[in-house]
Each structure stands twice: as C-alpha cells, then as structure tokens.
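To start, the structure itself, in structure tokens.
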Amino acid sequence: FGMVYEGIAKDIVKGELETRVAVKTVNESASLRERIEFLNEASVMKGFSCHHVVRLLGVVSKGQPTLVVMELMAHGDLKSYLRSLRPDAENNPGRPPPTLREMIQMAAEIADGMAYLNAKKFVHRDLAARNCMVAEDFTVKIGDFGMTRDIYETDY
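Oh and the sequence shown: position 109 is 109 in UniProt numbering, straight run, nothing missing.
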C-alpha cells in the first residue's frame with residue numbers, strides 16, 4: 001500500500017557522511033487501518049539490532065506522506081534475486097547461480113535473523129523468500145515486518 005524509493009541520507013548512520021537508504025511511503029489514498037499497519041511495521045523494527053535483520057534508520061512522521069527510512073538492500077528481495085540468476089532470465093546480471101556453499105550461507109543468515117527475532121520474543125508470521133532481502137555484499141536479511149507480532153502483546 002505504498003512505494004519504496006532509493007535515496008541518500010546524510011548523517012543518519014554514525015561514522016558515515018552519506019548512506020544509501022530505502023524510503024518507504026504509504027499511499028495518500030491508504031485507509032486509516034493501512035496507515036496504522038505501516039507505522040506498526042516501523043514500531044516493530046525500531047527495537048531490532050541484528051546483522052541479519054533489515055535495520056530501521058528513522059521515521060519521518062511530520063507532514064505527509066509518512067516516511068520510513070531503512071538500510072538499502074541493493075539486490076532486492078531474495079526470491080527476485082534468485083530468479084534473476086537463472087540462465088534464461090531476461091534480467092540476468094551475468095552472475096552464475098549461487099553455489100551450494102552460498103545457498104547454505106544464505107540459509108544460515110536467515111536462520112540467524114529468525115533466531116534473533118525469537119530471542120526478542122517476536123514471531124515473524126510470514127517468512128518467505130520474498131520477505132528476505134539481499135544487501136550489496138550479498139548478505140541476506142529478514143525484512144517485511146507487517147505481520148510480525150510480539151508474542152506477549154495479547155497478555156496485556
């Protein structure tokens with residue numbers, strides 16, 4: 001229910017003058033429920049600090065549209081990335097498909113991100129290749145926290 005843009009943020013990451021970022025927006029036509037879900041995703045992400053979980057860098061809630069600023073995952077989602085590596089893919093970047101070792105590394109990174117979420121008492125509820133993101137250095141990270149819930153939230 002929105003768009004994702006690539007941008008450059010200044011002084012958003014300690015030690016970096018400029019950082020390439022992903023900026024998520026919610027459509028102006030979005031319902032109140034969709035806007036709340038959009039902000040809930042950012043709220044869930046704010047407490048996370050794991051190399052294998054996409055990092056929230058900030059939220060701009062003053063004015064419209066609301067912006068959620070996250071680390072840029074240059075190769076997009078894992079599903080599209082892997083499909084692009086097929087020999088017959090139109091958008092093949094010229095890289096060979098991942099080796100068994102690389103696939104095991106990806107699986108380990110996903111498992112590490114999920115173990116982190118579990119330790120923080122969160123359940124992702126929608127783990128899929130489309131919700132895992134691939135960074136510039138080909139690290140795979142857990143993303144899309146729209147369905148994530150604190151397992152204790154119903155206790156209160």
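The beta-carbon is built from N, C-alpha and C at its ideal position, and this holds for glycine as well.
- Alpha carbon to alpha carbon, how far is E16 from L57? Give it in angstroms, no decimals. Taken atom to atom, the span from the alpha-carbon of L57 to that of E16 is near 13 Å.
- Message: Please classify H51 as buried or exposed, where buried requires at least 16 other C-beta atoms within 10 Å of its C-beta.
- Response: The residue in question, H51, is exposed, as its Cβ has fewer than 16 Cβ neighbours within 10 Å.
- Query: Is it the case that the Cβ atoms of M73 and A22 are separated by a distance below 8 Å?
  - Reply: A contact, by the Cβ cut-off of 8 Å.
- Just the Cα atoms here: how many angstroms apart are Y156 and K121? Reliability of the predicted coordinates at Y156 is poor, the pLDDT of 45 falling under 50, and no value is obtained from them.
- What residue range is occupied by the uninterrupted alpha helix (DSSP H) comprising D70? Per the sequence shown, residue 70 should be read as Met rather than Asp. Premise fails: M70 lies in the beta strand (DSSP E), L67 to E71, not in any alpha helix (DSSP H).
- Item | Contiguous beta strand (DSSP E) assignments of at least 3 residues, all confined to the UniProt domain "Protein kinase" (1 to 156) | Taking 3 residues as the shortest admissible run, the UniProt domain "Protein kinase" (1 to 156) contains the following complete beta strand (DSSP E) segments, listed from N- to C-terminal end: 4 to 10, 18 to 25, 56 to 60, 67 to 71, 132 to 134 and 140 to 142.
- Query: Taking just the CA atoms, how far does V60 sit from A42?
  - Reply: Taking the straight line from one Cα to the other gives about 11 Å.
- Is the distance from the Cβ of E133 to the Cβ of L78 below 8 Å? With the sequence shown as reference, residue 133 is identified as Met, and Glu is not the correct amino acid for it. Yes; because the gap between Cβ atoms is below 8 Å, this pair is in contact.
- Message: Is any non-hydrogen atom of the ligand NAD found closer than 7 Å to the C-beta of L17, if you look at the structure I gave you?
- Response: Here there are no bound small molecules, and the ligand NAD is not part of this structure.
- Find out if the Cβ-Cβ distance for the pair N131, D112 is shorter than 8 Å. Cβ distance not < 8 Å, so N131 and D112 don't count as in contact.
- Item | Length of the line joining the Cα atoms of T19 and L32 | The alpha-carbon atoms of T19 and L32 are separated by roughly 31 Å.
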